[in-house]
Ligand code: IPM
Ligand code: MN
């Protein structure tokens, strides 16, 4: 560890990104009070709005910092009308670009329902799923699949005739993310809420797609190395109904890139909505942590967005750093953070609009910071 603690490069990005990141910084500062901070944050501008102002997605020093940092914390990128000349979203470099460049092959998205969190279906707040029944990790492949930049258009006489996206599944890409999922299942060891079985579910469409058949074969090959972990399979279409109907069956789920993108938004409904959904983008040497909700332009500048997803992303970040550096202090801080988040959620004292409340973004941050401070050390 360096003297000044772990270097965390922070990219607030666009829209609501800076609002949730500000609260995230507040919460990290509360954790670090009363001792030498085990980390230091450096913030860099970038994203779609930055592109509209400057013609660049970010500056060279911001790019370099992503590579040299111990961890990256990202708010959100994307802004209406902000597109690169090739049609990609401006700010892509900070999210998809970093996933590729830092080789962040696994996107781990915890889907856990905490007591006190409400979920909304069809306009109503309900308690359909009980907290003890929703506690899974969805692991999304993060560097290939349908996101592989093998795509294009055939334009003749100024008119698009054909558009093609190719899905690429490689042996290396499939194997490493599947192995990561098995390691996670083994490591967390608590199993599915339903029966305590340590289980990895392979989500694919192998009844139709060749790449999915290869992904499933790879799953079987890796699974053979983990005889104590239960094998489980779901075609992605069936999975969408099973996960809603019977979330307690799932422990760790692994899926290809685009399918993982879709099923994690669906699963977020089980945990109270996108306001609670965090993503840990991890590879061998780097980690980037982000709320999954995006820049949400229509909520930007209103101090109303739910910052919990960012706090949960920080929780993932502290745990990952703790694991990577075998640093007990970081585990302890991660545990403190989770206790404070759970306590704040349980007493319902900080509900934003998406939870039917009227608490502002900054008031939620204040509340969580207070709970952290009030806990006996
Ligand atoms: C996500 C997002 C991104 C993705 C977008 C912003 C490119 O939806 O992290 O899930 O598609 O991966
Ligand atoms: Mn998504």
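Residue numbers (the numbering used here): 96 to 472.
The C-beta atom is built at its ideal place from N, Cα and C for all residues, glycine as well.
Which of helix, strand or coil DSSP assigns to residue 430: In this structure, residue 430 counts as helix in the three-state DSSP scheme.
Does the Cβ of residue 188 have 16 or more other Cβ atoms within 10 Å, making it buried, or fewer, making it exposed? Under this definition residue 188 is a buried residue.
Closest to residue 405 by C-alpha separation, out of 428, 398, 373 and 397, would be which residue? Comparing Cα positions, the closest option is 373.
Less than 6 Å separating the Cβ of residue 356 from some heavy atom of ligand 1? yes
For a test of the three-state rule: what should DSSP assign to residue 97, helix, strand or coil? With a pLDDT of 48 at residue 97, under the threshold of 50, the predicted position of this residue should be treated as unreliable, though the coordinate-derived value follows. Coil.
Under 7 Å Cβ to Cβ from residue 227, same chain only, skipping five residues before and after it: list those, please. 288.
Taking only three categories from DSSP, how would you classify residue 304? Reduced to three states, the DSSP call for residue 304 is coil.
Cutoff 6 Å; reference residue 446; Cβ partners in own chain excluding five residues on either side: 452 and 454
Measuring only between beta-carbons, confirm whether residue 383 sits less than 7 Å from chain C. Of the chains in the structure shown, none is chain C; there is only one protein chain.
By how many angstroms is the C-alpha of residue 150 removed from the C-alpha of residue 196? Going by the C-alpha atoms only, they are around 21 Å apart.
With respect to the beta strand (DSSP E) encompassing residue 254, which residues constitute its N-terminal and C-terminal limits? Per DSSP, residue 254 belongs to the beta strand (DSSP E) from 254-260.
According to the Cβ coordinates, are residue 122 and residue 387 closer than 7 Å? Cβ atoms of residue 122 and residue 387: not closer than 7 Å.
Would you mind working out which of 315, 460 and 371 sits nearest residue 450, comparing C-alpha positions? 371
I'd like to know whether the C-beta atoms of residue 171 and residue 457 end up nearer to each other than 7 Å. no
Identify every residue that forms a DSSP beta bridge with residue 135. 102
When you compare only the Cα positions, how much space is there between residue 179 and residue 255? Between the alpha carbons of residue 179 and residue 255 lies a distance of about 19 Å.
State the Cα-Cα distance for the pair residue 108 and residue 185, rounded to the nearest angstrom. 11 Å
For residue 207, name the three-state secondary structure that DSSP assigns. Residue 207 falls in the strand class under three-state DSSP.
What beta strand (DSSP E) runs, 3 residues minimum, are completely inside the segment 168-201? none
What residue from 176, 101, 212 and 167 has the CA that sits closest to residue 436's CA? Closest by C-alpha distance to residue 436, out of 176, 101, 212 and 167, is 212.
Pick out whichever of 346, 266, 378 and 336 has its Cα sitting closest to the Cα of residue 308. 266
Specify whether the segment 269-289 and the segment 232-245 touch according to this definition: at least 3 beta carbon pairs, one from each stretch, less than 8 Å apart. Between the segment 269-289 and the segment 232-245, the count of C-beta pairs closer than 8 Å reaches three or more; the two stretches touch.
Any idea which residues DSSP pairs residue 247 with across the strands? According to DSSP, residue 247 bridges with 259.
Nearest-angstrom beta carbon gap, residue 351 and residue 299 [assumed within contact, 8 Å]: Indeed they touch by this definition, with Cβ atoms about 7 Å apart.
Simplified DSSP assignment, three categories, for residue 439: helix
Consult DSSP for residue 343 and reduce its assignment to one of helix, strand or coil. In the structure shown, residue 343 sits in a helix (DSSP, three-state: H, G or I).
Taking the alpha-carbon positions, what's the residue 278 to residue 465 distance? 35 Å
Nearest CA to the CA of residue 130: which residue from 155, 99 and 104? 99
Chain-order list of residues whose beta-carbon lies under 7 Å from that of residue 144 (same chain, five-residue window excluded): 109, 174 and 177
Just to confirm, is the Cβ distance from residue 232 to residue 377 under 7 Å? no
Within its chain, find whatever has a CB closer than 7 Å to the CB of residue 97; leave out the 5 residues flanking it on each side and keep chain order. At residue 97, the pLDDT of 48 sits below 50, so the modelled position is not reliable and the matter cannot be decided from this model.
The beta strand (DSSP E) spanning residue 384 covers which residue range? 382-386
My understanding is that residue 362 touches residue 206, with C-beta atoms under 8 Å, so please give their C-beta distance in whole angstroms. Indeed, because the Cβ distance is near 4 Å, the residues count as touching under 8 Å.
Beta-carbon separation (whole angstroms), residue 209 vs residue 169, contact threshold 8 Å: That belief does not hold up - the Cβ atoms of residue 209 and residue 169 are roughly 23 Å apart, past 8 Å.
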